[in-house]
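Quick note, the sequence shown lines up with residues 86 to 216 if you use my numbering.
The beta-carbon is built from N, C-alpha and C at its ideal position, and this holds for glycine as well.
Just below is one structure, and these are the notes that go with it.
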Amino acid sequence: MIDTEQAESSSRGRFVVLRHTDRHGVHFDLMIDGGEMLATWKSAWQPESVGAEGRTWCRIADHRRAYLDYEGSVSGDRGSVVRHDEGICTVHSRHVDRWEITFEGGRLRGRYILARSAETDQSWSLRPLGQ
């Protein structure tokens with residue numbers, strides 16, 4: 086997975102939020118450009134609906150960069166995805182357990198913190214910075 090102790094400096098790239106429908110229902114995949122792969126989290130919540138209290142997101146395996154532009158069926162009978170949002174993001178800092186990111190998308194806009202929860206390695210919280 087794309088995690089480092091600390092990013093050397095801010096980096097700009099793309100992000101996408103996909104609405105993923107599978108046999109379990111609907112969830113949203115937040116994918117952040119990390120170079121060769123996309124750092125990916127999933128949640129039942131639309132990321133733009135996150136308030137000051139934050140929402141839980143699950144860190145899942147990195148995804149191929151093709152998902153920045155892909156919509157359609159997912160191989161292996163894993164459902165289908167459609168683009169919910171996309172745009173440019175700036176990763177201000179990236180640590181093993183905390184990312185600080187500014188999103189400039191159609192729906193998701195502003196500076197956010199993605200922080201690992203104490204409960205598990207995969208459980209993270211997304212919340213707006215400063216709230």
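- Under the three-state reduction of DSSP output, residue 192 falls in the coil class, being neither helix nor strand.
- Between the alpha carbons of residue 163 and residue 109 lies a gap of roughly 10 Å.
- Your pair residue 126 and residue 209 checks out as a contact, with CB atoms roughly 6 Å apart and the cut at 8 Å.
- Excluding sequence positions up to five before and after residue 132, its CB lies within less than 7 Å of the CB of 102, 113, 115, 193 and 211, all in the same chain and listed in chain order.
- Remark: C-beta atoms of residue 214 and residue 195 approach each other more closely than 9 Å.
- Here the C-alpha atom of residue 151 lies approximately 16 Å from the C-alpha atom of residue 173.
- Here residue 156 carries a coil assignment [DSSP, helix/strand/coil].
- In the structure shown, residue 121 falls within a coil segment according to DSSP collapsed to helix, strand and coil.
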